[in-house]
């Protein structure tokens, strides 16, 4: 049963106490014998709240040290690209990670604007750096709990393929991090001021936005004059949508450019919590209410690797329906894509996708839940599009790379 205030604006009593949250990050010591307070990587990183002893400074320095050791053991000697979203715990965790990375002499690439960085921009930076290289490869970290509530933090590792780390990697990192957590030693660390002296700057936004024309048909969108609304939902895409509109000459309005780590401007999700879930009609109620202002509108989660599509007639589209339409369009409008490339979907996605794929004469590859299962196929070019029922997707460039 839905919460009685689902879809209604958040009230003061719904908001997280940010000073209390950040204080807990630094002062709460997790119990290594409590499973709920150990490092656990889910489908995309370690997540939890500092208030529960599940996402604290001890976790982050341990995970970062474990990542340093993992990348060294696997010969990943290039730079590490790091980004963060707008959650209240993201900047403290980003600071902790930089202190450990610098102490371990890892060349670390931070945002040149000292702003928020969407997960796709970090993945793009890794892939661009590694293109044509066989050694000295880069990897990355994104500090984000995705669409989770404001009291949560998240921390995920992206290996040189740019996508989420596979189970072998996350198991190894979590095991080592928990050893460090239990021993209370093994972390190399320097003060933040010293760490900042060693970082390098990368223009995540400029490189990502400029490269979009190689992925989507910007000319067609511009020529059609489509009136677009984009709501970052207070997340990391906040600077990106406006820049996309300006650089590419699109009729695109940033619906709400506000960033507030309490997310006081959100409507409550189905369970009465603030959650930046762009596939939820309750969390997206604000954008849905303004759907007639745009021919198409979109919302993103906090790290901007998921989408919600809103139209004047349908409101918030079922993610499976949008994925099906996207697949049909891409596989009939990408002449440079090889004929044999397959379509990827998660096992719980709609059978509508199966019928669309059959209709265009392509092979369907079904994988378990989690975007990481698409990564190898996308990198090798055997899959052209991978989509999740949770409203996430990725696909090849227009030239098939």
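In the working numbering, the protein residues as written are 150 to 550. Even for Gly, the Cβ is constructed at its ideal location relative to N, Cα and C.
In this structure, the straight-line span from the alpha carbon of residue 397 to that of residue 378 is close to 15 Å. Distances from the CA of residue 445 to each of 190, 451, 463 were compared; the closest alpha carbon is that of 463. When DSSP states are grouped into helix, strand and coil, residue 160 belongs to the coil group. Within the same chain, and ignoring the five residues on either side of residue 513 in sequence, the residues whose Cβ sits closer than 7 Å to its Cβ are 491, 492, 494, 503, 506. Per the coordinates, the alpha-carbon of residue 318 lies some 27 Å from the alpha-carbon of residue 237. Residue 493: member of the beta strand (DSSP E) spanning 491-495, first to last residue.
Nearest neighbour of residue 313 by Cα position, chosen from 324, 476, 291, turns out to be 291. Taking 8 Å as the cut-off, the beta carbon of residue 454 is found no closer than this to the beta carbon of residue 391. With contacts defined by Cβ atoms closer than 8 Å, residue 221 and residue 329 do not form a contacting pair. The stretch 189-199 makes no contact with the stretch 343-357: fewer than 3 CB pairs, one atom from each, lie closer than 8 Å. By the criterion of a C-beta distance shorter than 8 Å, residue 181 is surrounded in its chain by 187, 327, 330, 331, once the five residues flanking it on both sides are discounted. In this structure the stretch 359-379 lies against the stretch 430-445, because at least three pairs of beta carbons, one per stretch, are closer than 8 Å.
Distance between residue 383 and residue 452, taken at the CA atoms: about 10 Å. Closest by C-alpha distance to residue 465, out of 431, 273, 483, 241, is 431. Exclusion of the five residues before and after residue 271 leaves 230, 232, 289, 291 as the residues of its chain whose Cβ lies within less than 6 Å of its Cβ.
Secondary structure at residue 319: helix, using DSSP grouped into helix, strand and coil. Note that the C-beta distance between residue 217 and residue 249 is below 8 Å. Counting C-beta atoms within 10 angstroms of its own C-beta, residue 407 has fewer than 16 neighbours from the protein chains shown and is therefore classed as exposed. The residue from 269, 278, 226, 247 with its alpha-carbon nearest to that of residue 449 is 269. Taking all protein chains in view, the Cβ of residue 176 is surrounded by fewer than 16 other Cβ atoms within 10 Å, so the residue is classified as exposed. Cβ neighbours of residue 534 within its own chain (closer than 8 Å, five residues either side excluded): 475, 476, 479, 480, 492, 493, 542, 543, 544, 545. By the Cβ-count criterion, residue 163 is buried, with 16 or more other Cβ atoms from all chains shown falling within 10 Å of its own Cβ. Of 511, 486, 459, 426, the smallest CA-CA separation from residue 437 is found for 459. Taking a cut-off of 8 Å on C-beta distances, the stretch 154-170 touches the stretch 400-416, as three or more cross pairs fall below it. Of the candidates 295, 255, 363, 301, 255 places its Cα closest to the Cα of residue 337. DSSP places residue 449 within a strand segment (E or B) once states are collapsed to three. In this structure, DSSP gives residue 444 a state outside helix and strand, which the three-state scheme calls coil. Counting along the chain, residue 379 sits inside the beta strand (DSSP E) bounded by residues 377-380. In the three-state scheme derived from DSSP, where H, G and I count as helix and E and B as strand, residue 324 is classed as helix. Within the same chain, Cβ atoms closer than 7 Å to the Cβ of residue 295 are found at 193, 303, 450, 451, 452, the five residues on either side in sequence being excluded.
Between the alpha carbons of residue 245 and residue 209 lies a gap of roughly 7 Å.
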